[in-house]
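In full-length UniProt numbering, the protein residues as written are 1 to 405. All C-beta atoms in this analysis are idealised placements derived from N, C-alpha and C, irrespective of residue type, glycine included. Working notes for the structure below.
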């Protein structure tokens, strides 16, 4: 499967949901159980926690987050294709099913979408709003498919897109109002805030459109070469992306130095009891940003009376640890989405991904105290309901074609 923008794993979802005829049907209990298990997967929750812990303290670290995710994913998938027996001429890589030039084009889409999605955090886009807006990806996919790929859509699919669009617009307006940003055009510092937020929305919108084109290109590749090469897609889309980060090397280096200068893990951590010396205990009920973390020569971290980390791990910079955890869990999520799409119907995949976004949204609010106005809550319901309707309608339309076959 070629899946979309990271969890985020979402940047890889485009073009991933169409399955061959032997997939499990939407009513299959096994597929539903798999969907539920994946939606509540601890690795996805951990990824969201680590991502928000980073962007809360370093909102401009999007490129470094993306680079770390790609490095880790490339490293973990390399053993599937590397062998000395293939020879130096082939770079010790197994023969490809899909030509390299095709992967180069796909990779250009892939890395651009990922960079744009993570870059948006630098423009006053909160993680909850980021999740909501990216849930509107089917809107871009439907429009691009109709205009550039000659696809026809039913009234049910159009209704789903309308509901999703309503949710996205409501989220944008409600988030701006919650931040106290005036919607009229004037002068002063407020205009700068509006301009910054508008830039973030534009970046995410561009990412959604490019992701839709990526999905069209992926569909054409799989129509030609088959849909059983998800490991090859996962490997080459990440490995070929790495050289594209060279122009951003100075920025990556600056962001890395900032993370290295963050307090170590022995400082205050979320949801822990911090014992200073032997007597005083400071409860911590919410995550503390690394910029305000408290350290001391006798500061020790204990959870339920047991030491959390060995001493050498406790000295790792906090932001570096979050970066590694985010990259590792991002790889597990991307791989999990690929595996899920290979075992279940497209309806199940669509429902799971929307449930996952909802879980992420609620988790972000609970752990980090993000405030969502009633308008944003309503928009979230619209987005998730529209996504579910879109998947249901797609499954309904596929049944007649299968009967004809």
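- Where residue 250 is concerned, the enclosing alpha helix (DSSP H) starts and stops at 249-260.
- For residue 262, same chain residues with a beta-carbon under 6 Å away, outside a window of 5 residues either side, are 290, 317, 318 and 319 in chain order.
- DSSP places residue 137 inside the alpha helix (DSSP H), whose first and last residues are 137-148.
- With fewer than 16 other CB atoms across the displayed protein chains lying within 10 angstroms of its CB, residue 374 is exposed.
- With distances taken between CA atoms, residue 378 lies nearest to 129 out of 157, 62, 152 and 129.
- Here the C-alpha atom of residue 118 lies approximately 12 Å from the C-alpha atom of residue 58.
- Per the DSSP secondary-structure output, residue 82 pairs in a beta bridge with 93.
- When the five nearest sequence neighbours on each side are left out, the beta carbons in the same chain lying within less than 7 Å of the beta carbon of residue 251 are those of 63, in order along the chain.
- For residue 106, the uninterrupted alpha helix (DSSP H) run begins and ends at 100-119, by DSSP.
- For the set 397, 193, 164 and 223, the Cα lying nearest the Cα of residue 380 is the one of 164.
- Burial check for residue 217: the Cβ neighbour count within 10 Å reaches 16 or more, so the residue is buried.
- In this structure, the CA atom of residue 391 is about 18 Å from the CA atom of residue 211.
- Looking at the DSSP output, residue 317 sits in a beta bridge with 264.
- When only Cα atoms are considered, residue 80 and residue 235 end up about 9 Å apart.
- Around the beta carbon of residue 104, fewer than 16 other beta carbons lie within 10 angstroms, which makes this residue exposed.
- Assigned with DSSP and collapsed to three states, residue 130 falls in helix.
- The C-beta separation of residue 213 from residue 144 comes to about 6 Å, placing the pair in contact by the 8 Å criterion.
- Within 10 angstroms of the beta-carbon of residue 254 lie fewer than 16 other beta-carbons, which makes it exposed.
- For residue 238, the enclosing alpha helix (DSSP H) stretches over residues 230-239.
- When DSSP states are grouped into helix, strand and coil, residue 217 belongs to the helix group.
- Straight-line measurement puts the Cα of residue 386 at about 50 Å from the Cα of residue 87.
- Leaving aside the five residues that flank residue 122 on each side, the residues in its chain whose CB is nearer than 7 Å to its CB run, in chain order, 59, 60 and 62.
- When C-alpha distances from residue 224 are compared across 99, 193 and 332, the shortest belongs to 99.
- The Cβ atoms of residue 50 and residue 322 lie closer than 8 Å to each other.
- Annotation for residue 112: 210 place their beta carbon closer than 7 Å to its own, counting only its chain and skipping 5 residues before and after.
- The shortest C-alpha to C-alpha distance from residue 66 to any of 219, 327, 149 and 195 is the one to 327.
- Close CB contacts of residue 228 within its chain, under the 6 Å cut and outside five residues either way in sequence, are absent.
- Minimum Cα-Cα distance from residue 96 among the listed residues 205, 132, 153 and 237 corresponds to 237.
- Contact between residue 76 and residue 331 holds: CB atoms are separated by about 6 Å, below the 8 Å threshold.
- Out of 85, 170 and 244, the CA that lies nearest to the CA of residue 376 is found in 170.
- Following the DSSP letters along the chain, one finds residue 64 inside the alpha helix (DSSP H) bounded by residues 62-77.
- Of the residues 52, 91, 109 and 154, the one whose Cα lies closest to the Cα of residue 396 is 154.
- The alpha-carbon of residue 204 is positioned some 22 Å away from that of residue 242.
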